Amino acid sequence: MTKTYHAGFMSDKPNWGQALKLWRRDVLVFLTDVACLAGLWMLITYAAISPDRGVLVFLTVPWWLMLLVVAVLAGLWQSFGLSSGMKLLGRRLKATQDASGAAAFARRLFRALLLPFSPLLVLPVLVTARYVPIHDRWSGFETQSATEVVDPKSPWYRRSWAVAIALLALTAFAVSVIFTRVNLVKLFTEFDNTANIRAQIANPNWGVLFEGGQLLLVTLFMAFMATLFGIIVAVPLSFVAARNLTQGLVGRAVYTIVRGILSILRSIQPFIWVIVLIVWVKAGNAPMAGVIALFIHSVADLTKLYAERLESIDPGPVEAIRATGASQSQVIMYGIIPQIINPYMSFTIYRWDINVRMSTIVGMVGGGGIGQRLLQEMRVSDYSDAVVLMMLIMVAVWAMDTLSARLRERIETGSSNPALPSYALKLKTEISNRTFGSRW
Amino acid sequence: MEDLIRIENLVKIYERGEVLALNDVSTTVQKGEFLVLLGLSGSGKSTLLRCINRLIEPTAGTIVFDGKDVTKASSRQLRHLRRRMAMIFQQFNLVKRSSVLTNVLSGRLGYVNPAASAIHKFAKQDIADAMACLERVGIPEQAYKRADELSGGQQQRVGIARALMQQPDLLMADEPVSALDPATAHSIMQYLEQMNQEDDVTVVTSLHFLSLARRYGARILALKDGEIVFEGSPAEIDKVKFKEIYGEDAEEVEVR
Ligand SMILES: Nc1ncnc2c1ncn2[C@@H]1O[C@H](COP(=O)(O)OP(=O)(O)O)[C@@H](O)[C@H]1O
Ligand SMILES: [Mg+2]
C-alpha cells in the first residue's frame, strides 16, 4: 500500500530554520574543539617555560598564528578522530563514499584542511535542502547524530584523547605547583610584617560604633531599595525572558535580545557600575550610585533566576486552564503564578542577602554607606577604627544570612511539592558559587 | 441527528522533527454521541483532540464546531468556543499547588470578569456551583486540600468537576484513565457516561484499551500513523480489524 503524504511534508525545499540550527551545532562542535586545543596550547606553553616569564608566554607567538594552528588541529581532530566537541554534542563522521585506503586518507586530510576555511563559519546559507556544509560535501563525508551511526570498532586514537588531555593537564598542574611553591612558603615565614596591624586590631576604638551603626543602616537601606526595585522590574521581565513563553518569530527575537542584554549586564560587576555612576550622578550622591549599581545587577540576576524557573513549569496545568476559555492574563494568574510564587519569593530573599553583602563592597569604591568609611580608615592605616566597622558588617551579614536561610526554609518546607527540592538544591549551589566563587 | 463537530481534511505537521501527525483526517461527531478514539501511542489521538480546541494549531483543514469555524475564529471567538468544550487529561493537569476548589473554579474563568478573577474573587454562586460539582464527583470534603495531596483517581474527579463547571456541550478526554488502576478507571468512565446520558454532553475520548472502548463507546474511530483506519460501532471490530489497528503482534487484553 502506498501512502499519499500531504503536500509540504518532507519537501525538498530548503528548510532554513532547520539548516540554521544544524549549522549552529556544527559551529559549536568546532568552537568546543578549538577551545580544548587552545586551552591545551596554553597549558603546555605555560608548563614548558620557566615561571619568571609567566602565564602570558603563549602570546610570544602571534595570536592569529596560534588560532590558525589550533583551527587546523581541530580540523584534523574532527576528520581523523572523534573530537571532544563531537563527543559532547553527539556527532559522528560518516563516509558517504568508499571509506578505506589511501584515497579515503586523502579525503580526510582534505576535509581537515578545508574545515577551518569552509563557509561553515561565514556562509551558513550555502547549503542544500538537507543541510550538508561545503567541507563535508566536497570531501565525501557527512556528520550525523551519534545515534544514527553504528560505530565500527574505533582505533585507539579515537578513544584515548580524553585520557591524553587529562594527563597533560595534570602535568601542567604539577609543574605550576612546583614553580609557585617558593611563594607559598613566604606566607608562613614573613608573618611578622603584620605586627602593627595586629596591635591596632587588638585595641578597637569603640567610639566609632554609633557613627558606624548609622552608616550600616545606610548600607542596609541601599540593599533593600535595590532589591525592591529589582523585583518590580525583574518579575514582568522574566516572562519575556523565558524560552517556553516566547514562541513565534517576534517572541523569539524579544527573548534573544532580553537574554543577551541581561547577560551583558550580569557580567559587569556592581563595583564597576558604581565607578561609572559616580561620574554620572555626581559624587555627592554616593548612596544613590550604590543603589542603582546594585539594582542593575539585581535585575539581571533575578530575571535570569525567575526565567529559568518559568522555563521549568509544568505545561499541563497551563494547557488545561487555556482549554477552559481563559484569557491570557487568567492563564498567567491561575496556571503559572501558583507554580512560581514560592520559588520567586525564595530567589528574592536570596538576592536581598547577596545585596547586603555586595552593598558594603559597592561602598568601598565610593557607593556610600559603611563600606566607603571602612576603606577610608584602611587608607589612613587606622585599623582600630576599621576593626569596629568590620565587626558591624560581620554582624549584619551574619544576621541577614541566618534570617534569609530561615525564611527560605519556611517557604520551601511549607509545601509537599515534589518538584521543589531541585530548585532548593540549585539555589544552594548558586549561593556557594557566589560566596566562594570568583565573584569578588 | 445534528452534527456538533465537522472535521474536514485536517492535517497537522509538527515542524520540529518533521512529523506528520494527522494526514487528511475527515469525520463528523453528532450531538450527544459517545465517540472513542483508538490507536497505538503516537497515532495522533492527542493531536486530533487538541486541534479541536486549537491548543494545537492545525496545519491545514477545517474544524466546524456547532456551525462555527474554529480554525478561523479570532482569539476572542476562540475563547468563547472553548468555554463550551471542556477537556480532561491523562495526567489530570491540575494546578498542584492550588486548592481543589480553586482548580474547580478555574473551569469558570471563561465566563467571569477578568479583573475580578485576577484577585481570586469569584461570585458566591460560582463557589456554590463548584461545591455542587465536587459533590457530584463524590469528594466535597476535599475542597480545601491542595490538589497534589489527592490520589490519582481523586485528582481526575477534580478534573471532571472542573469540566462540569464549564457547563460544556462537548467533553474531550485524552486518555483519562491511562494513569489509573482498573477499578478507578471504571468509576471515572462512569462519570463520563453519566455526563453523556444525563447532561446531553457529547463525549470524545481517547482510550488505550479496546475493552474499555467496547464497554463505553457508541462509536469508534481508530487512527494509525495519523490516518483513520476504522470508523464504526464497537461490535464491528473483529480479529482482523484489531490487527489492522494495533499491528500484527498485538493481543487483545481485557480490563475488568
Ligand atoms: N510537540 C510535538 N512536536 C513534535 N512532534 C510531536 C509533538 N507532539 C506529538 N508529536 C508527534 O506526533 C505524533 C502523534 O502524537 P500524539 O498525537 O501525541 O499521539 P497519541 O496521542 O495517539 O499517542 C507522534 O509521532 C508524536 O511523536
Ligand atoms: Mg496521547
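Chains A and B, in that order, are what the protein sequence lines are.
If you use the numbering used here, the first sequence corresponds to residues 1 to 440, in order.
If you use the numbering used here, the second sequence corresponds to residues 1001 to 1256, in order.
Yeah, the Cβ is synthetic: ideal placement off N, Cα and C, and Gly gets one too.
Note that the structure is a prediction, hence the values are computed from the model and not measured.
N- and C-terminal bounds of the alpha helix (DSSP H) containing residue i
i          : result
ASP136(A)  : 134-139
VAL279(A)  : 270-281
SER1211(B) : 1210-1216
MET358(A)  : 337-362
ASN244(A)  : Taken as a continuous stretch (DSSP letters only), ASN244(A) belongs to no alpha helix (DSSP H), as it is neither H nor E.
LYS1241(B) : 1239-1246
GLN1091(B) : Here GLN1091(B) belongs to no alpha helix (DSSP H), and DSSP marks it neither H nor E.
Straight-line Cα distance separating residue j from residue i
i          : j          : result
GLY90(A)   : PRO338(A)  : 37 Å
THR1260(B) : PRO317(A)  : Not covered by the structure: residue 1260(B). The range shown for chain B is 1001 to 1256.
ILE275(A)  : THR256(A)  : 29 Å
GLN1155(B) : SER1106(B) : 15 Å
ALA1222(B) : PHE1242(B) : 10 Å
ARG1054(B) : MET225(A)  : 44 Å
TYR131(A)  : ALA95(A)   : 16 Å
ILE268(A)  : VAL281(A)  : 18 Å
MET86(A)   : ARG92(A)   : 6 Å
ASP401(A)  : ASP353(A)  : 6 Å
ALA195(A)  : LEU31(A)   : 51 Å
ASN342(A)  : GLU412(A)  : 7 Å
TYR1014(B) : ARG259(A)  : 27 Å
TRP23(A)   : PHE117(A)  : 15 Å
HIS1080(B) : VAL1112(B) : 12 Å
THR1028(B) : SER1046(B) : 17 Å
LEU37(A)   : ALA1115(B) : 59 Å
LYS1121(B) : ALA286(A)  : 45 Å
ALA1147(B) : ALA241(A)  : 29 Å
ASN1023(B) : ASP1069(B) : 20 Å
Three-state secondary structure (DSSP) of residue i
i          : result
TYR1014(B) : strand
ALA1123(B) : coil
LEU237(A)  : helix
SER83(A)   : coil
LYS1045(B) : helix
ASN417(A)  : Confidence in ASN417(A) is poor, its pLDDT being 40 and thus under 50, which makes the residue's placement unreliable; the coordinate value appears in the next sentence. Residue state, collapsed to three classes: coil.
ASP1174(B) : strand
ALA104(A)  : helix
ALA1084(B) : Looking at the sequence itself, residue 1084(B) is Arg, so the reference to Ala does not match. Three-state result, ARG1084(B): coil.
ARG1006(B) : strand
GLN328(A)  : helix
ASP1069(B) : strand
LEU20(A)   : helix
ARG379(A)  : helix
GLU142(A)  : strand
ARG1146(B) : strand
Pair within 8 Å by beta-carbon distance, residue i and residue j
i          : j          : result
LEU1040(B) : VAL1100(B) : no
SER79(A)   : ASP33(A)   : no
TYR334(A)  : TYR306(A)  : no
GLN1090(B) : THR324(A)  : no
GLY366(A)  : ILE278(A)  : yes
PHE295(A)  : PHE229(A)  : yes
ILE1005(B) : ILE1088(B) : no
GLN1030(B) : ASP1003(B) : yes
PRO1140(B) : ARG1084(B) : no
ILE1237(B) : VAL1025(B) : no
THR246(A)  : VAL233(A)  : no
VAL1104(B) : ALA1128(B) : no
ILE370(A)  : LEU167(A)  : no
ARG111(A)  : HIS135(A)  : yes
Distance between beta carbons of residue j and residue i, contact taken as under 8 Å
i          : j          : result
GLY212(A)  : LEU20(A)   : Going by Cβ atoms, the distance from GLY212(A) to LEU20(A) rounds to 58 Å, so no, they are not a contact pair.
LEU1037(B) : SER1211(B) : Rounded, the Cβ-Cβ distance is 15 Å, inconsistent with contact.
ALA1235(B) : GLU1033(B) : About 16 Å separates the two Cβ atoms, so there is no contact after all.
LEU340(A)  : ARG309(A)  : Note that residue 340(A) is Ile in the sequence shown here, rather than Leu. Yes, ILE340(A) and ARG309(A) are in contact; Cβ-Cβ is about 6 Å, under 8 Å.
ALA1086(B) : LEU1171(B) : 5 Å
GLY75(A)   : LEU113(A)  : 6 Å
Residue i: first and last residue of the uninterrupted beta strand (DSSP E) it sits in
i          : result
ARG1219(B) : 1219-1224
GLY1061(B) : 1060-1065
ASN1023(B) : 1019-1030
GLY1232(B) : 1227-1232
PHE1034(B) : 1034-1038
THR1202(B) : 1202-1206
LEU93(A)   : 91-95
ILE1139(B) : Element bounds for ILE1139(B): n/a, residue is neither H nor E.
Contact test: residue i Cβ vs ligand 3 heavy atom, cutoff 7 Å
i          : result
THR1047(B) : Absence of ligand 3 from the depicted structure is noted, with ligand 1 and ligand 2 being the only ligands included.
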